[in-house]
Amino acid sequence: MEVRSEGVQVRSDKLPVPVVPRTRLQVWFVRVCSSILLWTFFVQLVAFGKLWHPLFISNITNRISQVTGIPLSLHVGESIQSAPLLPARNYSSNGYLRVSCNGGLNQMRAAICDMVTVARLLNLTLVVPELDKTSFWADPRYVPFLAICDLVTFSNKFQYVNTELSCSNFDDIFNVKHFIDSLRDEVRIVRRLPKKFNRKHGFIPFSMPPVSWSNEKYYLEQILPLFKKHTVLHFNKTDARLANNGIPVYLQKLRCRVNFQALKFSPQIETLGYKLIRLLQEKGPIVVLHLRYEMDMLAFSGCTHGCTTKEADELKQMRYAFPWWREKEILSEERRSQGQCPLTPEEAALTLQALGFNKETQLYIAAGEIYGSERRLATLREAFPMTVKKEALLSPEELKLFRNHSSQMAALDFMVSVASNTFIPTYDGNMARLVEGHRRYLGFKRTITLDRKKLVELVDMHQNGTLSWDDFAAAVRLAHEKRQGQPLQRRAIPDKPKEEDYFYANPHECFCEGMNCHHSNSSEVL
Numbered sequence: 001m002e003v004r005s006e007g008v009q010v011r012s013d014k015l016p017v018p019v020v021p022r023t024r025l026q027v028w029f030v031r032v033c034s035s036i037l038l039w040t041f042f043v044q045l046v047a048f049g050k051l052w053h054p055l056f057i058s059n060i061t062n063r064i065s066q067v068t069g070i071p072l073s074l075h076v077g078e079s080i081q082s083a084p085l086l087p088a089r090n091y092s093s094n095g096y097l098r099v100s101c102n103g104g105l106n107q108m109r110a111a112i113c114d115m116v117t118v119a120r121l122l123n124l125t126l127v128v129p130e131l132d133k134t135s136f137w138a139d140p141r142y143v144p145f146l147a148i149c150d151l152v153t154f155s156n157k158f159q160y161v162n163t164e165l166s167c168s169n170f171d172d173i174f175n176v177k178h179f180i181d182s183l184r185d186e187v188r189i190v191r192r193l194p195k196k197f198n199r200k201h202g203f204i205p206f207s208m209p210p211v212s213w214s215n216e217k218y219y220l221e222q223i224l225p226l227f228k229k230h231t232v233l234h235f236n237k238t239d240a241r242l243a244n245n246g247i248p249v250y251l252q253k254l255r256c257r258v259n260f261q262a263l264k265f266s267p268q269i270e271t272l273g274y275k276l277i278r279l280l281q282e283k284g285p286i287v288v289l290h291l292r293y294e295m296d297m298l299a300f301s302g303c304t305h306g307c308t309t310k311e312a313d314e315l316k317q318m319r320y321a322f323p324w325w326r327e328k329e330i331l332s333e334e335r336r337s338q339g340q341c342p343l344t345p346e347e348a349a350l351t352l353q354a355l356g357f358n359k360e361t362q363l364y365i366a367a368g369e370i371y372g373s374e375r376r377l378a379t380l381r382e383a384f385p386m387t388v389k390k391e392a393l394l395s396p397e398e399l400k401l402f403r404n405h406s407s408q409m410a411a412l413d414f415m416v417s418v419a420s421n422t423f424i425p426t427y428d429g430n431m432a433r434l435v436e437g438h439r440r441y442l443g444f445k446r447t448i449t450l451d452r453k454k455l456v457e458l459v460d461m462h463q464n465g466t467l468s469w470d471d472f473a474a475a476v477r478l479a480h481e482k483r484q485g486q487p488l489q490r491r492a493i494p495d496k497p498k499e500e501d502y503f504y505a506n507p508h509e510c511f512c513e514g515m516n517c518h519h520s521n522s523s524e525v526l
């Protein structure tokens with residue numbers, strides 16, 4: 001006879017046999033052990049593949065990266081992708097160079113490249129650069145324009161203070177570990193000065209701005225002796241402090257190496273930036289319009305074409321509110337006729353249509369808040385219904401940590417601009433020029449640099465009825481046939497560095513070896 005009861009099985013001819021139920025702890029223990037075994041197997045498989053056939057693993061992961069447009073490190077982890085560290089350069093340091101970068105993101109980016117190069121030339125130890133916290137273009141972003149981080153009150157009209165916000169540091173924007181490690185074979189870089197050189201210990205560094213557009217001779221003969229005397233030098237301005245031309249090729253190549261390889265964005269910026277790129281690529285080719293039509297640029301340049309009288313007055317008041325903007329009285333139409341104004345959204349729409357872009361074009365606007373907001377974007381959106389900005393593609397939650405930091409927001413636009421199929425800046429500011437150079441480095445990707453002086457002339461003729469649409473479009477295309485990022489030598493003008501081609505827009509020393517950079521070899525068509 002057999003009798004059953006909960007948890008016990010009883011037979012009439014045997015003793016009771018207990019049935020032990022599995023506890024949750026046991027189940028989780030089995031799962032954890034299984035996971036560990038599987039991951040161990042995976043790691044060993046990767047190691048085996050790299051040892052016996054290195055190309056096998058790399059071909060698979062590279063193919064994944066090509067399909068998704070996301071770097072290898074985001075797929076398989078930094079430890080697999082990272083190259084072994086190069087041996088550190090052994091040299092006797094002549095002192096410490098501390099630099100405070102001034103300007104917006106891309107002006108600071110170029111400055112960092114220059115300062116690494118100066119440190120290499122003079123055998124210095126570079127302290128991780130400090131980013132701008134005092135000028136107009138410093139973080140954070142205040143509506144409707146950027147303001148000074150430590151500004152408490154400047155004028156009754158332009159007072160935008162939020163004590164909850166803070167400025168971006170180097171490691172908020174760039175990957176500081178990668179920056180230090182990737183350059184260790186050229187320059188010794190430290191995160192901070194030794195304690196004995198801190199102000200707390202009574203040390204006051206010698207502070208100065210180096211002379212703009214200086215060459216190798218200036219730094220060797222006038223700056224290096226100062227390190228012998230002071231040990232620590234602080235450069236309090238870094239914009240355009242190294243010449244475009246006349247610099248040894250090995251130093252020019254170092255500037256490129258810092259720009260294109262060492263200055264990686266921080267992980268949080270890269271992650272969101274690659275997501276933004278992926279969302280755009282899923283919808284087709286990307287045309288980026290760098291529409292430099294924000295309030296700060298219009299006030300600074302004095303360009304008011306297309307603005308109302310009230311808006312023009314507001315821009316003028318803003319220009320007078322900031323004393324370090326030297327030009328106050330500016331003739332807007334005269335400046336526009338000389339090609340010195342950013343294109344308006346309406347002028348940009350006509351130009352893009354003339355260049356052959358149509359309603360099927362996916363147009364990404366890389367910019368801050370457009371002056372006049374949606375009212376000024378109406379013509380552009382009508383001509384190009386697939387016009388988007390990062391704020392429309394990413395959720396408020398995703399942008400929450402970036403929104404009040406102009407440099408971090410600009411970094412997202414920089415990533416999309418570099419990755420795009422076509423890049424079109426409406427003004428030749430720092431971002432436009434650095435993106436242009438980056439795209440040349442990546443294989444002369446199509447960048448249409450607009451001839452604004454010619455364009456405003458053609459636009460005015462078309463709008464007053466003296467030039468038909470067909471003739472207008474033909475003239476626009478002809479004017480830009482050789483302005484699409486083709487291989488070219490950088491134009492040098494002795495004693496006029498501001499008028500010559502900017503090094504970072506076309507660092508031909510870094511990619512023109514073995515090829516003819518005097519003439520276009522690009523077969524791209526519109």
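In terms of full-length UniProt numbering, the sequence shown opens at residue 1 and continues consecutively. Note that beta-carbon positions come from the ideal geometry of N, C-alpha and C, so glycine has one too. Note that the coordinates shown come from a computational prediction; the quantities given were computed from them, not determined experimentally.
- Per the coordinates, the alpha-carbon of M115 lies some 11 Å from the alpha-carbon of L254.
- Assignment of beta strand (DSSP E) within the segment 390-462, counting only whole runs of 3 or more residues, yields 422-425 in chain order.
- Between R439 and T426, the CB-CB gap reaches or exceeds 7 Å.
- Between S93 and T117, the C-beta gap is not smaller than 7 Å, which leaves the two residues out of contact.
- The Cβ atoms of F197 and V249 lie no closer than 7 Å to each other.
- For Y502, the CB contacts under 6 Å within the same chain, skipping 5 residues up- and downstream, are R433 in chain order.
- Looking at W213, P345 and Q362, the one whose alpha-carbon comes closest to that of P285 is Q362.
- About 6 Å separates the Cβ atoms of Y293 and P345, confirming a contact at the 8 Å cut-off.
- Beta-bridge partners assigned by DSSP to T309: none are found.
- Look at the beta carbons and you see the segment 295-302 touching the segment 314-329: at least three pairs across the two are nearer than 8 Å.
- For R188, the enclosing beta strand (DSSP E) starts and ends at R188 to V190.
- Looking at the backbone, the Cα of V128 and that of H178 are separated by about 12 Å.
- By the CB criterion at 7 Å, E509 and Q252 fall inside the cutoff.
- Within the DSSP secondary-structure output, F174 pairs in a beta bridge with F265.
- For L458, same chain residues with a beta-carbon under 7 Å away, outside a window of 5 residues either side, are L467, F472, A475 and V476 in chain order.
- Residue burial annotation: V258 is buried, with at least 16 other C-beta atoms found within 10 angstroms of its C-beta.
- Taking the CA atoms as reference points, N244 sits about 7 Å from W213.
- As the crow flies, the alpha-carbon of E334 is around 11 Å from that of V456.
- It is roughly 42 Å from the alpha-carbon of D171 to the alpha-carbon of A479.
- Secondary structure remark: continuous beta strand (DSSP E) runs of at least 3 residues inside the segment 223-301, in chain order: 232-235 and 287-290.
- For N90, the closest alpha carbon among the candidates R188, F203 and L122 is that of R188.
- Taking E130 as the centre and dropping the five residues before and after it, the same chain places the C-beta of S100 closer than 6 Å to its C-beta, in chain order.
- Sequence-distant partners of E398 (beyond 5 residues in either direction) whose C-beta falls short of 7 Å from its own C-beta, in its chain, are L272.
- Leaving aside the five residues that flank L224 on each side, the residues in its chain whose CB is nearer than 7 Å to its CB run, in chain order, N94 and L122.
- With 16 or more other CB atoms across the displayed protein chains lying within 10 angstroms of its CB, S420 is buried.
- Using a Cβ distance threshold of 7 Å, D239 and A111 count as a contacting pair.
- In the structure shown, S214 falls within a strand segment according to DSSP collapsed to helix, strand and coil.
- For R98, no alpha helix (DSSP H) segment is defined; the enclosing uninterrupted segment is the beta strand (DSSP E) at Y96 to V99.
- Residue range T125 to V127 is occupied by the beta strand (DSSP E) that includes V127.
- For R98 against L193, the beta-carbon gap comes to about 7 Å, under 8 Å, which counts as contact.
- Here E282 is exposed: its Cβ has fewer than 16 other Cβ atoms, across all protein chains shown, within 10 Å.
- Per DSSP, I330 is not a residue of any alpha helix (DSSP H), being assigned neither H nor E.
- For S93, the three-state secondary structure derived from DSSP is coil.
- The DSSP-derived three-state label of F357 is coil.
- In this structure M431 does not touch N175 by the C-beta definition: roughly 20 Å separates them, more than the 8 Å allowed.
- Counting of Cβ neighbours within 10 angstroms places R109 among the buried residues, the total reaching 16 or more.
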